[in-house]
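>
Residue numbers (the working numbering): 2 to 443.
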């Protein structure tokens, strides 16, 4: 009843707690939704791949024998194994493309600057890199890129493209533009496609591959197929993992993209709750001051100090519960708009539905109710110290102008912080590269 009777004074307090809860919940829902979207995207990347074979990390002093484990002979051996539908070799690595003005595309992002070999199948086409324009590269002087990189770099067929790998800067003629569903590229990365011999020389060794993807015949269990494949591999030189495990690894790897994007809303959540705690203390202190006579009468008719404390904390609990519920709903709205605010032409977050797990719900109640009740603890202790004799005195004085100014100033600070956050989120389109680099590399 007291909370409702003073609702006009509690609006600022509810707003502060509500915004804090909203940004905590919105960030958690955004993180869970992004992780689920990355898992779904990675699953698409490895659709149809039951087992992936890669060289093992060589022990110290082992030389380059590990890189030579995956060759055409092993590809044929795996293709003939029971339960195997096809074995597709790959020679993958990283390469940084320069745009038409000589500026690097996605500079310093090795995880997103992909390079691969065009390895045609029996039909003469590479299913991983379907051509949308031009033709496949045929020798070391030619190159194909994905359509997104071609648009971002201003490339067209016949242009000379400059790129860098681990070795010297290379110049190659663009002969083809390909399409790819790789989630690392669709999230804003780049893809350079070489002829098979060039890619092998750059990323493995002549005649060797960096991986072999094995697809299963219908009805074949991928875990049993993995055991079959392992039995055919050179001892201690190659390993086989299931496509499901590979998809999980890639989802975790590329999912680190969201870490930098989660910092700004979490910072604002902390600011909102910090300001809210002061507003709660101020509000409940005013309520106690206005109800001095009422509390004294309760003490006079036998109410204990503990009962008075419980009464004030119960009001804080109700306030926190209402603020948490409103903040949770607002947080879902924040989570739905964050991907659009944080995505740029270079950092595109994957699409997917909102995923609402138990953590955001628990966080809403824990943060909203917990902060409110804790902030009301000091005023409740002050209320418990009201002596019964106070009932004989005049009713509590109204809050001073100073208190009102404090509340007003705190509200203005909160609104300014909110406006600053919106500006920062909009500005993330220009600063996302730096945020992501910090998240990926510390």
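Note that the Cβ used here is the ideal one computed from N, Cα and C, for glycine as well.
Is it right to say residue 31 is buried, meaning 16 or more other beta carbons lie within 10 angstroms of its own, or is it exposed?
For the purposes of this step, residue 31 is identified with residue 30 of the chain shown, where counting begins at 1. Residue 31 is buried by the Cβ-count criterion.
> Just to confirm the assignment: which complete beta strand (DSSP E) runs, minimum length 3, are found wholly within the region 286 to 319?
For the region 286 to 319, not a single whole beta strand (DSSP E) run of length 3 or above is found.
> Can you tell me which residues form a DSSP beta bridge with residue 143?
Taking the first residue of the chain shown as position 1, residue 143 is located at position 142. Beta-bridge pairing links residue 143 to 174.
> Tell me whether residue 166 sits in a helix, a strand or coil according to DSSP, three-state version.
As a working note, residue 166 is residue 165 in the chain shown. DSSP places residue 166 in coil when its eight states are reduced to three.
> In the structure shown, what three-state DSSP assignment does residue 335 receive?
As a working note, residue 335 is residue 334 in the chain shown. Residue state, collapsed to three classes: helix.
> Check whether the region 240 to 251 touches the region 80 to 88, taking contact to mean three or more Cβ pairs, one atom from each stretch, closer than 8 Å.
Result no; under three Cβ-Cβ pairs closer than 8 Å.
> Once the 5 residues before and after residue 364 are set aside, which same chain residues still bring their CB inside 7 Å of it?
Translated into positions along the chain shown, residue 364 becomes position 363. Closer than 7 Å at Cβ, skipping near neighbours: 25, 26, 29.
> Assuming residue 278 and residue 376 form a contact by the criterion Cβ under 8 Å, report the distance between their Cβ atoms to the nearest whole angstrom.
Within the chain shown, residue 278 is the residue found at index 277, counting from 1. Within the chain shown, residue 376 is the residue found at index 375, counting from 1. Sure, about 4 Å apart at Cβ, within 8 Å.
> Is DSSP giving residue 249 helix, strand or coil here?
In the chain shown, the residue the question calls residue 249 occupies position 248. Three-state result, residue 249: helix.
> Along the beta strand (DSSP E) that carries residue 117, what are the first and last residues, could you check?
As a position in the chain shown, residue 117 is number 116, starting the count at 1. Element bounds for residue 117: 114 to 119.
> Hey, residue 370 and residue 322: beta-carbon distance below 8 Å or not?
Against the chain shown, residue 370 aligns to sequence position 369. Against the chain shown, residue 322 aligns to sequence position 321. In this structure, residue 322 lies closer than 8 Å to residue 370 by Cβ.
> Taking residue 325 as the reference, which of 22, 13, 16, 14 has the closest Cα?
Taking the first residue of the chain shown as 1, we reach residue 325 at position 324. It is 22.
> Does DSSP put residue 182 in a helix, a strand or coil?
Start at 1 with the first residue of the chain shown, and residue 182 comes out as number 181. DSSP places residue 182 in coil when its eight states are reduced to three.
> Output the distance between the C-alpha atoms of residue 246 and residue 122, rounded to the nearest integer angstrom.
Counting from one through the chain shown, the residue named residue 246 turns up at place 245. Counting from one through the chain shown, the residue named residue 122 turns up at place 121. Taking the straight line joining both Cα atoms gives about 25 Å.
> Excluding the 5 residues flanking residue 137 on each side, which residues of the same chain have their C-beta closer than 6 Å to its C-beta?
For the purposes of this step, residue 137 is identified with residue 136 of the chain shown, where counting begins at 1. Excluding sequence neighbours, residue 137 sits near 119, 177.
> The beta strand (DSSP E) that contains residue 193, what's its start and end?
Along the chain shown, one-based indexing puts residue 193 at 192. 191 to 196 is the span of the beta strand (DSSP E), which, as asked, contains residue 193.
> In three-state terms, what does DSSP make of residue 89?
Here residue 89 corresponds to residue number 88 of the chain shown, with the count starting at 1. DSSP places residue 89 in strand when its eight states are reduced to three.
> So, at 6 Å on beta carbons, what are the nonlocal neighbours of residue 181 in its own chain, with the 5 sequence-adjacent residues on each side left out?
As a first step, residue 181 must be located in the chain shown, where it is residue number 180. Closer than 6 Å at Cβ, skipping near neighbours: 147, 192.
> Quick check: the Cα distance between residue 331 and residue 42, rounded to an integer number of angstroms?
Mapped onto the chain shown, residue 331 falls at position 330. Mapped onto the chain shown, residue 42 falls at position 41. C-alpha separation (whole angstroms): 28 Å.
> Check each candidate in 169, 174, 170, 142 and name the one with the smallest Cα separation from residue 162.
Looking up residue 162 in the chain shown gives position 161. Closest by alpha carbon: 174.
> Specify, as a first and last residue, the run of the beta strand (DSSP E) that residue 217 falls within.
Residue mapping note: residue 217 aligns to position 216 of the chain shown, counting from 1. Its beta strand (DSSP E) spans residues 212 to 217.
> Run through DSSP, which three-state label would residue 244 get?
Position 243 of the chain shown, counted from the start, is the residue given in the question as residue 244. Reduced to three states, the DSSP call for residue 244 is helix.
> Residue 213 to residue 53, Cα distance in whole Å?
Taking the chain shown and counting its residues from 1, one reaches residue 213 at position 212. Taking the chain shown and counting its residues from 1, one reaches residue 53 at position 52. When rounded, the distance between both Cα atoms is 6 Å.
> Who are the near neighbours of residue 72 in its chain, counting only those whose CB is closer than 8 Å to its CB and skipping five residues on each side?
Here residue 72 refers to the residue found at position 71 of the chain shown. Result list for residue 72: 208, 209, 210, in chain order.
> Starting from residue 226, trace the beta strand (DSSP E) in both directions and tell me its first and last residue.
Numbered from 1 along the chain shown, position 225 holds the residue referred to as residue 226. Note, residue 226: premise wrong, no beta strand (DSSP E); alpha helix (DSSP H) at 223 to 233.
> Return the bridge partner residues of residue 134 from the DSSP annotation.
Position 133 of the chain shown, counted from the first residue, corresponds to residue 134. Its beta-bridge partners are 178.
> Look at the Cβ atom of residue 186, then the Cβ atom of residue 144, and state whether they are nearer than 8 Å.
The residue given as residue 186 occupies position 185 in the chain shown. The residue given as residue 144 occupies position 143 in the chain shown. No, they are not a contact pair.
> What did DSSP end up calling residue 382 once you bin it into helix, strand or coil?
Translated into positions along the chain shown, residue 382 becomes position 381. If DSSP states are grouped into helix, strand and coil, residue 382 belongs with the helices.
> Answer with buried or exposed for residue 316, where buried requires no fewer than 16 other C-beta atoms within 10 angstroms of its C-beta.
For the purposes of this step, residue 316 is taken as residue 315 along the chain shown, with counting starting at 1. Buried, by the Cβ-count rule.
> I believe residue 164 touches residue 98 by the beta-carbon criterion, under 8 Å. Please report the beta-carbon distance rounded to the nearest angstrom.
As a working note, residue 164 is residue 163 in the chain shown. As a working note, residue 98 is residue 97 in the chain shown. 5 Å between Cβ atoms; contact.
> Helix, strand or coil, according to DSSP, for residue 206 in the structure here?
Against the chain shown, residue 206 aligns to sequence position 205. In the structure shown, residue 206 sits in coil (DSSP, three-state: anything other than H, G, I, E or B).
> Compute the Euclidean distance between the alpha carbons of residue 140 and residue 199, then round it to the nearest angstrom.
Position 139 of the chain shown holds residue 140. Position 198 of the chain shown holds residue 199. Cα-Cα distance, rounded: 7 Å.
> With 16 as the cutoff for other CB atoms within 10 Å, does residue 47 come out buried or exposed?
Start at 1 with the first residue of the chain shown, and residue 47 comes out as number 46. Counting Cβ neighbours within 10 Å, residue 47 comes out buried, since at least 16 surround it.
> Buried or exposed: which applies to residue 90, given that a residue is buried once 16 or more other Cβ atoms fall within 10 Å of its Cβ?
The residue labelled residue 90 in the question sits at position 89 within the chain shown. Its Cβ being crowded by 16 or more others within 10 Å, residue 90 is buried.
> Which term fits residue 218, buried or exposed, when burial requires 16 or more other beta carbons within 10 angstroms of its beta carbon?
The count along the chain shown starts at 1 and reaches residue 218 at position 217. Exposed, since its Cβ has fewer than 16 Cβ neighbours within 10 Å.
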